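In this text, residue positions in the sequence shown follow full-length UniProt numbering: the first is 1, and each later residue adds one.
Just below is one structure, and these are the notes that go with it.
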Amino acid sequence: MLRRRMASPETPADDAAGERIEGAVLRVVHHNPQTRYTVLRVVRPGEVAPQTWVGRSTGIEEGMQVTAAGEWTHHPNYGKQFNFARIAAKAPTTLPGIQRRLERYPGLGAEKAERIVQRFGLDTLAILDKSPRRLLEVEGIGPKTLERILAHHTARGGPTAEIENQLLELDLPTHFADAISQRFGETALTVLRQHPYRLAREVRGIGFITADKIARALGVDLESDERIEAGLFHTLEQSEQNGHCALPLPILVQNAERLLELPPVRIEAAAMALVRSGALVLDQREGDEGEPLPPLCYPPRFYDAERNVAEILTDIALGAGKGRGRWTEVAPPPGLSAGQLAAIAAIRDAGLVVLTGGPGTGKSTVTRAIIDTALANESPVLLAAPTGRAAKRLAEATGQRATTIHRLLEIEGGTGEFFHNAHNPLPEGLVVIDEASMLDLPLAEALLLALTPQHRLLLVGDADQLPSVGPGNVLRDVLAAADRPDSPIPVVRLTQIFRQAEGSSIVTSAHAILRGKVPESDRAEGGQFYVVQARDSERAHELVLKAITERIPKAYGLDPRTEVQVLCPMHKGKAGTEALNAALQAHHTAGAPELVLPGRPPRTFRVGDRVMQTKNDHERGVFNGDIGLVTAVDPERQILTVEIDGDPVPYDSKQLSALQLAYAVSIHKSQGSEFPAVVVPLLGEHHVMLRRNLLYTAVTRARRLCVLVADPRALTQAVHRSDAARRFTGLRERLLAALRERLGERRTVRHIDGA
1 MLRRRMASPE
11 TPADDAAGER
21 IEGAVLRVVH
31 HNPQTRYTVL
41 RVVRPGEVAP
51 QTWVGRSTGI
61 EEGMQVTAAG
71 EWTHHPNYGK
81 QFNFARIAAK
91 APTTLPGIQR
101 RLERYPGLGA
111 EKAERIVQRF
121 GLDTLAILDK
131 SPRRLLEVEG
141 IGPKTLERIL
151 AHHTARGGPT
161 AEIENQLLEL
171 DLPTHFADAI
181 SQRFGETALT
191 VLRQHPYRLA
201 REVRGIGFIT
211 ADKIARALGV
221 DLESDERIEA
231 GLFHTLEQSE
241 QNGHCALPLP
251 ILVQNAERLL
261 ELPPVRIEAA
271 AMALVRSGAL
281 VLDQREGDEG
291 EPLPPLCYPP
301 RFYDAERNVA
311 EILTDIALGA
321 GKGRGRWTEV
331 APPPGLSAGQ
341 LAAIAAIRDA
351 GLVVLTGGPG
361 TGKSTVTRAI
371 IDTALANESP
381 VLLAAPTGRA
391 AKRLAEATGQ
401 RATTIHRLLE
411 IEGGTGEFFH
421 NAHNPLPEGL
431 VVIDEASMLD
441 LPLAEALLLA
451 LTPQHRLLLV
461 GDADQLPSVG
471 PGNVLRDVLA
481 AADRPDSPIP
491 VVRLTQIFRQ
501 AEGSSIVTSA
511 HAILRGKVPE
521 SDRAEGGQFY
531 VVQARDSERA
541 HELVLKAITE
551 RIPKAYGLDP
561 RTEVQVLCPM
571 HKGKAGTEAL
581 NAALQAHHTA
591 GAPELVLPGR
601 PPRTFRVGDR
611 VMQTKNDHER
621 GVFNGDIGLV
631 TAVDPERQIL
641 TVEIDGDPVP
651 YDSKQLSALQ
661 LAYAVSIHKS
671 QGSEFPAVVV
681 PLLGEHHVML
691 RRNLLYTAVT
701 RARRLCVLVA
711 DPRALTQAVH
721 RSDAARRFTG
731 LRERLLAALR
741 ERLGERRTVR
751 HIDGA
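Structure representation (structure tokens):
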């Protein structure tokens, strides 16, 4: 068994360019070494009045000539200022200019600086970067002085400054300079200029588009193998962002052709060369009847992960090891449906059970009964979910402790590895995973690596919801494999809506959507489900704001900042998360103390803002999807504090990149969460996203109230478009093959070696 650890995808780069200006630094008003936040007074050529420039920088000093890129903004207290995203000092090109720069170094003065320049001439700065010990050749420069010179030179940029200058010339963000310098050391400039595509593979945050921009500017051959290979990797990485684990070879070549603008024959040849080298895997699969399926081209990590998931699920389903006995029967609680009783009976005998059903069908009730059965049989029980909010809901529903899967596996700080793994599995017993539709392939693999054939595994989820944000379609693939009549994996589908849920128009509307029926508004005031018509984004924007700031608080007594959530299909547009967040922030926290973060555009957080954590941070105990309120800001130190679930969580300048406004979030981001009230704009401009599972997911996030602000045509399209966006995965076929092989019905999964 392979059981290989997954690597994290790289973040996309921001290549946006701003206005470029030059000037001379009159004064460094403020500089924070930790955050690099800097305030400068700068005079531009031909002007007398100084300007204020703000942003992040290293090594900018008074008297320097600088070039910056950014945009003009207006600060409510300080007025007009230039907010730079990139800044670099121009390297002096004359002997007097080099000498003036050296005079500012500690341990040097005019006399020693003059001696250095006399000794090395125009090569002085290059000597400092590449052979600094040669300064000992100059009279008056000893080891201690050299140490002070180098400390200052490193602090103010050193080789990194030269990389910044190169990036600035290429109209690229200079904040990449530190990462490039740290990764490649003394060879950084050589790599930047001669092998720019290595940046896309080896420097986090730099993708193919940025690397290709560098390469084109430097005149790199556009038909080079290095460029084509980088384009193929980028194409697969982009497909990963859309949930794919692999791509059929013809689609991979077609997509890369659009990116690279090269002949497909040339691209396919490069792809097969990568297959032969082991950098990619080409996998030929067979269908249910042994028919050949189109070969899929995988990154090796996803190929290995699918094999691991299929093999371990098979081990658990078939009880490959000894020692897992049958549980004794425990009297179930009264009033359970036949489906719920079937789920309890299944888990007594089977190692793996899948429990699925919509809202109001009693998944939580049967999960509690299964947990009670396990405890009565003296079996340890471990409960987990993919996100913190989903884990909290699971704990509330069962009365038992529940954690995120990451916490269950105990991620080890700094390494990204899990304490519980194939070599150190979780304690044997029942493992319950709720919101299993959110399981992506890497997380599913990490979880299963920590299980043994002696574990019992209950996967609970709603297969009609959106799939995971990350790559894979694990729950659907497992269900598809388990649904075959000869499958040893029990699947229990709960369909009966219980009496307490029948009175909820949110529940009945959700089930109507699943049947392909457009839901209708409650007619009476104080209802739970409403559709408000809006034909365009301007009107929708206006109605969403009115619903949140006026109508819902007045009619339902809900706090608009903490109990009402806007869920959007998309980020852009007047009815997207960005515009609605800006408008709701302006309404709720205008005039409150604020922290403005440099960038294009600048980001502003104010005391009282509703915010969301967008990445898992296990060391600090905050997770992707956690929502809180900003309670304090410190503009000087570029830090703020957020209260999440009653606990204060500090954020420094680096950690703030994982924080975003959360008055409005995407429907995808809301998975696993539940809110007292949700407001959902649904318009024609969202047509790319309008599918039944998207609308169904949004509606089922609401507990007390759901308001659709919708164009009727868009609502109808969403309800009737039942085809889920296709994801290219091989897990279903791989799981079927593993089960057949273990049961003696052998059909092979062939691995093409690229020949």
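Think of the CB as a built atom: it goes at the ideal place given N, C-alpha and C, for glycine as much as any other residue.
All values derive from a computational prediction rather than experimental measurement.
Relative to the Cα of Ser337, the nearest Cα in the group Thr631, Pro712, Leu494, Arg740 belongs to Leu494.
The count of Cβ pairs closer than 8 Å, one atom from the segment 667-682 and one from the segment 528-545, reaches three, so the stretches are in contact. Closest option to Pro442, judged by alpha-carbon separation, among Cys245, Arg703, Lys90, Leu743: Cys245.
Contact between the segment 368-388 and the segment 397-408 is present, with at least three C-beta pairs closer than 8 Å.
Around the beta-carbon of Ser131, fewer than 16 other beta-carbon atoms lie within 10 Å, marking it exposed. Taken atom to atom, the span from the alpha-carbon of Val432 to that of Leu352 is near 10 Å.
A distance below 8 Å separates the beta carbons of Thr729 and Gly472. Taking all protein chains shown into account, Phe176 has 16 or more neighbouring C-beta atoms within 10 Å of its C-beta and is therefore buried. C-alpha of Ile506 to C-alpha of Pro292: approximately 44 Å in a straight line. Within the same chain, Cβ atoms closer than 6 Å to the Cβ of Ala385 are found at Ala391, Leu394, Asp434, Glu435, the five residues on either side in sequence being excluded. Taking C-alpha positions only, Glu412 is separated from Arg535 by approximately 51 Å. Under a 10 Å Cβ-count criterion, His687 is classified as exposed, with fewer than 16 other Cβ atoms of the shown protein chains found around its own Cβ.
Selection Gln284, Ile141, Tyr696 evaluated against Arg515 yields Tyr696 as nearest (Cα-Cα). CA-CA distance, Thr67 to Ala575, rounds to 38 Å. Between the segment 577-597 and the segment 621-641 there are three or more inter-stretch CB-CB distances shorter than 8 Å, so the stretches are counted as touching.
The residue from Ser722, Asp440, Gln284, Ala69 with its alpha-carbon nearest to that of Asp464 is Ser722.
A Cβ-Cβ distance of about 5 Å is found for the pair Ile644 and Asp626, placing them in contact under the 8 Å criterion.
Per the coordinates, the alpha-carbon of Arg551 lies some 34 Å from the alpha-carbon of Ser657. When secondary structure is reduced to three states using DSSP, Gln81 falls in the strand class. Per DSSP, the unbroken beta strand (DSSP E) holding Val432 starts and ends at 430-433.
A straight line joining the alpha-carbon of Lys144 with that of Tyr105 spans about 13 Å. Contact between the segment 473-489 and the segment 447-457 is absent, with fewer than three C-beta pairs closer than 8 Å. For Thr577, no beta strand (DSSP E) encloses it; the enclosing alpha helix (DSSP H) starts and ends at 577-589. Trp327 has no beta-bridge partner at all, per DSSP. In the DSSP assignment, Asp634 is bridged to Ile639.
From the listed residues Leu199, Pro453, Leu439, Leu466, the smallest Cα separation to Leu459 is found for Leu439.
Contact annotation: Leu705 and Tyr556 have beta-carbon atoms nearer than 8 Å.
Residue state for Ala270 is assigned as helix, using DSSP reduced to three classes. In this structure, the beta-carbon distance from Gln528 to Phe675 does not fall below 8 Å. For Arg742, the closest of Leu95, Ser487, Glu47 by C-alpha to C-alpha distance is Ser487. Between the alpha carbons of Gly46 and Ala24 lies a distance of about 11 Å.
The beta-carbon distance between Ile497 and Gly360, rounded to whole angstroms, is 5 Å. This is short enough to meet the 8 Å contact definition. Around the Cβ of Tyr197, a 10 Å sphere holds 16 or more other Cβ atoms; the residue is buried.
Of the residues Arg326, His75, Ala269, Ala725, the one whose Cα lies closest to the Cα of Ala350 is Arg326. It is roughly 13 Å from the alpha-carbon of Glu329 to the alpha-carbon of Ile371.
In this structure Phe302 is buried. Its beta-carbon is surrounded by 16 or more other beta-carbon atoms within 10 angstroms.
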